[in-house]
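Following: one structure in structure tokens, then a few remarks.
Number of protein chains: 2
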Amino acid sequence: MAAKLNQFILFQSLICVLSILCVESLRKGFPHRKSHQLRESGYAYKTAYFEQKVDHFGFANDDTYKQRYLVADQFWDKNGGPIFFYTGNEGDITWFCNNTGFMWELAPKLKALLIFAEHRYYGASLPYGADAAKDPNKLQYLTSEQALADFAILIQELKANEPGAQNSRVIAFGGSYGGMLAAWLRIKYPNVVDGSLAASAPIWSFIGQIPCEAQLQVVTNSFKRESSTCVKNIRKSWGVINTLGATDLGRARLSTTFDLCALLNTSADAGALKSWLLEVMFNLAMVDYPYPASFLEPLPGWPIKAVCGPLSNEVVDDVALIEALSKAVKVYYNYTGQAKCLDVNQNAVGSLGDELWGYQACTEMVMPSCSNGVTDMFEPTTYNFSQVSDECFKQFKIRPRKSWVITERKSWGKNIKTASNIIFSNGLLDPWSSGGVLKSISPSLTAIIIPNGAHHVDLRTSNPKDTPDITKARQTEEYIIKGWVKGDNS
Amino acid sequence: MAAKLNQFILFQSLICVLSILCVESLRKGFPHRKSHQLRESGYAYKTAYFEQKVDHFGFANDDTYKQRYLVADQFWDKNGGPIFFYTGNEGDITWFCNNTGFMWELAPKLKALLIFAEHRYYGASLPYGADAAKDPNKLQYLTSEQALADFAILIQELKANEPGAQNSRVIAFGGSYGGMLAAWLRIKYPNVVDGSLAASAPIWSFIGQIPCEAQLQVVTNSFKRESSTCVKNIRKSWGVINTLGATDLGRARLSTTFDLCALLNTSADAGALKSWLLEVMFNLAMVDYPYPASFLEPLPGWPIKAVCGPLSNEVVDDVALIEALSKAVKVYYNYTGQAKCLDVNQNAVGSLGDELWGYQACTEMVMPSCSNGVTDMFEPTTYNFSQVSDECFKQFKIRPRKSWVITERKSWGKNIKTASNIIFSNGLLDPWSSGGVLKSISPSLTAIIIPNGAHHVDLRTSNPKDTPDITKARQTEEYIIKGWVKGDNS
């Protein structure tokens, strides 16, 4: 299988970090992660580096690291044209640069300079090199606040030193965690950026902000809109896997039906299969785009519809149900027909970036997930903060801090009416929309809802198969951003 | 001399940290600082402690410390009455509690709970104990951002756990550096505090924000309004001290005229006398209150008027000029007649708190000061960042970071139109008003000017000798704060 790095996968890992279902996988080191392969694109940019302090908030450590950023100035009006600044997520910035077509389409229209700034500790922007993850002291500067400070300083330096940029308006763009960063950058440094497009940024997903069932409920709804029978079948299948998973014979049946690379030996192995399936369904809801696309896996347009195909008739027989489910998920992991078998532990070899996001999820990014089996199609699971905390300590020798998350994120989260000039866009198919801003807060804090949209579909290159609401979202965003560039700041 | 701890002295030390005049004193360890003596007051409060993380911004260090805070609930309406929260400055919080009479006068009127929170590393709130200053690694958590996080978390915890406080409005109060903290608390945590009174908070004094001559120009103007001849005499006196300081005979003359405890032995000693005099004049402008008060020293009402008395006639003769100047400054250091002699190095025994503010001035609080001898009455001096940086490194093994100060403070400084609900009050006699917000920025960012006011006079207990503009300032503040408490939030 051709694994692709993508922000969805990375971001999605949260659900594993924080769900009881996945405690086992957390212990193994985020096994669902994949290695990075960058998609080629035709976008032309230059690569540059800027020396940043490793610790912006203390003065004892004077170490520096080189932050990578990508520059495309071919569209730029050097007499004060705006700067579009992508606030890099948890991954290699070249991937985000190549997968944020909306910025590339908008730049020529507004004569903008494009900057894609890499997030510290990812890609080629590595304080303390590739081994940082092994040492909690070297890893401690991996925080969103430090990353925001990097971005703010880089923007100030660019404006000070790039001829023509002194008075340029700066618009931040970001999706997913990058969308949170874009929003927070405007909230924390309102004089460094003039406005932000925060696409699919679940800034209200933090502990205490929404019920932990919310994400999987959206996943369920995204399946339900294709087929309520599909949902019924999936809900039923967990019990069947449990029953089969309890015996050698049953596990053999599961192993052959799903074409597993390795036989399920224990009921825990059957649990891993369930975790994998949950993850697949979560991912599908994130990437349910109207046209074929390659993210976690190469997928057809409207992949949930395709996946639900074999599950759209009620299946009573247990074995028949498992066979239908197997057919369904093969749409996901074997759309190209290249996969010989399915390794539910295939991602156990995590890359550095994967482990690092795990660290963030164990520190600041505490976004609980659980299920109740009623409003969602999954087995009921609870969210247990202490257990998560213990797992985090085992892996990273650190613990998440509930009160800090609440204090810092609440301020940048639930009640942000004092902020301005932020667009929050959310596709309603996307599980992360459950923690997004779905209602405009003020005339300058605009929510854009995309009913047929998956995870920050609006940041993607426009496509003839885009639904009208996707197209409309991009038009509205363009209109608002044009206003910011002209100086209609509130 | 009865030395009193006060925020003015503490804050004023900046001028020494950053002025060339005072490089020598910096090297000696902030010799102008005095030991702490707390004034008794009749205010009744309880003392409490709250366990805070030492590092809010990283997760590797899980150490905690006990933050002290003072609570007065005798006026409080426990059914949702507001919380008045003093954001502690660089010193023992009991001093600020006892010297912020305005809060005590306002609390019964608005049925408020009073909280005075101590700033980390000062008073009894000591991460790593009294020896922290010796170790840059232990001192690295002494930053305004960490202190703000302490305040925000403490407020959240109080609201969560104090019956009746859940829905209380929170108003932050602070003066001087504490005023900056009050303003920044509202800017950074707008959902934790509903409004802030930032009294004499020079949030625009940071490097690159105002000309470095600005402070001493205000000092000069505060003297000029009493007597322009006084200013002329003072300006002339530096040359006379230089001439006398160059010879043994001249130094002996200076030593006897100023009743120095120790003979001036070198021309560098004469330089120390000049530094001391500049400091006295700076302090006088800060504490030029209409009524007798005891801060740095016990002083009469309108002390500058008293000091300028002996200097109000033009003095041509050098020796006569020095004698007049000596008489003038004795108003300052010997108003009570108790001092036997003047020790220009008397403050060389700095307390822990003094050294710690020096650290802050060497890291984040980079506020340059200089003089030109034209718009001010001092010898021309330049501000040399590299020299300051070298001195800081010598003393603390750290260096200030120009670009960080600009990025972080600019965002929280010069252009804060996106913020709301902050009162910036400034007395125009106060040198720190030069870096204050003197003009309202929006309907909810209100500047209050007190032409006859010194350093945050409005936070002091009302006094029959208060000038009408001082009284008016407090009335306006009360009116605005009442609005915030009622919920007229913008």
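As they're listed, the protein sequences go chains U and P.
Per the working numbering, residue 63 is the first one in the first sequence, and the count goes up by one each step.
Per the working numbering, residue 63 is the first one in the second sequence, and the count goes up by one each step.
By construction, the Cβ of each residue, glycine as well, lies at the ideal position given by its N, Cα and C atoms.
Bounds of the alpha helix (DSSP H) holding ALA535 (chain U) are 530-548. When rounded, the separation of the alpha-carbon atoms in LEU383 (chain P) and GLY301 (chain P) is 11 Å. For GLN129 (chain P), the enclosing beta strand (DSSP E) covers residues 126-134.
Contact of THR126 (chain U) with chain P is not assigned, every C-beta pair being separated by 8 Å or more.
When Cβ-Cβ separations below 8 Å define contact, GLU224 (chain P) makes no contact with chain U. In summary, the residues of the segment 194-208 of chain U whose CB is separated from some CB of chain P by less than 8 Å are PRO198, ASN199, LEU201, GLN202, TYR203, THR205, GLU207, GLN208, in the order they occur in the chain. Using a Cβ-Cβ cut-off of 8 Å, GLN218 (chain U) counts as an interface residue toward chain P, since at least one Cβ of chain P sits closer than that to its own. Proximity of the segment 387-405 of chain U to the segment 311-326 of chain U meets the contact definition, three or more beta-carbon pairs being nearer than 8 Å. Membership of LYS108 (chain U) in the beta strand (DSSP E) is indicated by the continuous run 108-115.
For VAL428 (chain P), the three-state secondary structure derived from DSSP is coil. Residue nearest to GLN279 (chain U) within the set U:LEU340, U:TRP466, U:CYS424, U:SER230 is U:LEU340 (criterion: CA-CA distance). For the set P:VAL391, P:LEU316, P:ASP379, P:ASN327, the Cα lying nearest the Cα of VAL342 (chain P) is the one of P:VAL391. In the three-state reduction of the DSSP assignment, PRO365 (chain P) falls in the helix class, which pools H, G and I.
With 16 or more other Cβ atoms inside 10 Å of its own Cβ, GLN208 (chain P) counts as buried. The beta-bridge partner set that DSSP reports for PHE146 (chain P) consists of P:LEU176, P:ILE233. Secondary structure note for PHE213 (chain U): its alpha helix (DSSP H) is the uninterrupted segment 206-223.
The C-beta of THR480 (chain U) comes closer than 8 Å to at least one C-beta of chain P. By the Cβ test, the segment 143-157 of chain U is in contact with the segment 233-251 of chain U, since at least three Cβ pairs between them sit closer than 8 Å. Between the segment 265-276 of chain P and the segment 163-179 of chain P there are fewer than three C-beta pairs closer than 8 Å, too few to call the two in contact.
Around the beta carbon of GLY191 (chain P), fewer than 16 other beta carbons sit within 10 angstroms, so the residue counts as exposed. Secondary structure note for ILE503 (chain P): it is in no alpha helix (DSSP H), with a DSSP letter that is neither H nor E. Per DSSP, LEU259 (chain P) is one residue of the beta strand (DSSP E) stretching across 257-261. Taking a Cβ-Cβ cut-off of 7 Å, the neighbours of ILE460 (chain U) in chain P comprise PHE121, ALA122, given in sequence order.
Sequence-distant partners of HIS118 (chain U) (beyond 5 residues in either direction) whose C-beta falls short of 7 Å from its own C-beta, in its chain, are GLN208, ALA211. DSSP places ASN295 (chain P) within a helical segment (H, G or I) once states are collapsed to three.
With respect to VAL377 (chain P), ASN295 (chain P) sits close: the two C-beta atoms are nearer than 8 Å. ALA347 (chain U) sits in a helix when the DSSP states are folded into three classes. Less than 8 Å separates the beta-carbon of ASN488 (chain U) from that of ILE511 (chain U). Shown here, ILE484 (chain P) sits in a strand according to DSSP, grouped into three states. Counting only residues of its own chain and dropping the five nearest sequence neighbours on each side, GLY497 (chain P) has a CB closer than 8 Å to the CB of PRO264, ILE265, TRP266, SER267, PHE268, GLN271, ILE272, ALA276, GLN277, MET429. For ASN514 (chain U), there is no enclosing alpha helix (DSSP H), as DSSP gives it neither H nor E. In this structure, the alpha-carbon of ALA227 (chain P) lies about 8 Å from that of PRO144 (chain P). If the five residues before and after LYS501 (chain P) are omitted, its C-beta is found closer than 7 Å to the C-beta atoms of ALA509, all from its own chain and listed in chain order. Among the residues of chain P, those whose CB is under 7 Å from the CB of HIS118 (chain U) are TRP466, following chain order. Identification of residues in the segment 234-264 of chain U having a C-beta nearer than 8 Å to some C-beta of chain P yields LYS250, TYR251, PRO252, ASN253, VAL254, given in sequence order.
With fewer than 16 other beta carbons inside 10 angstroms of its own, ALA314 (chain U) counts as exposed.
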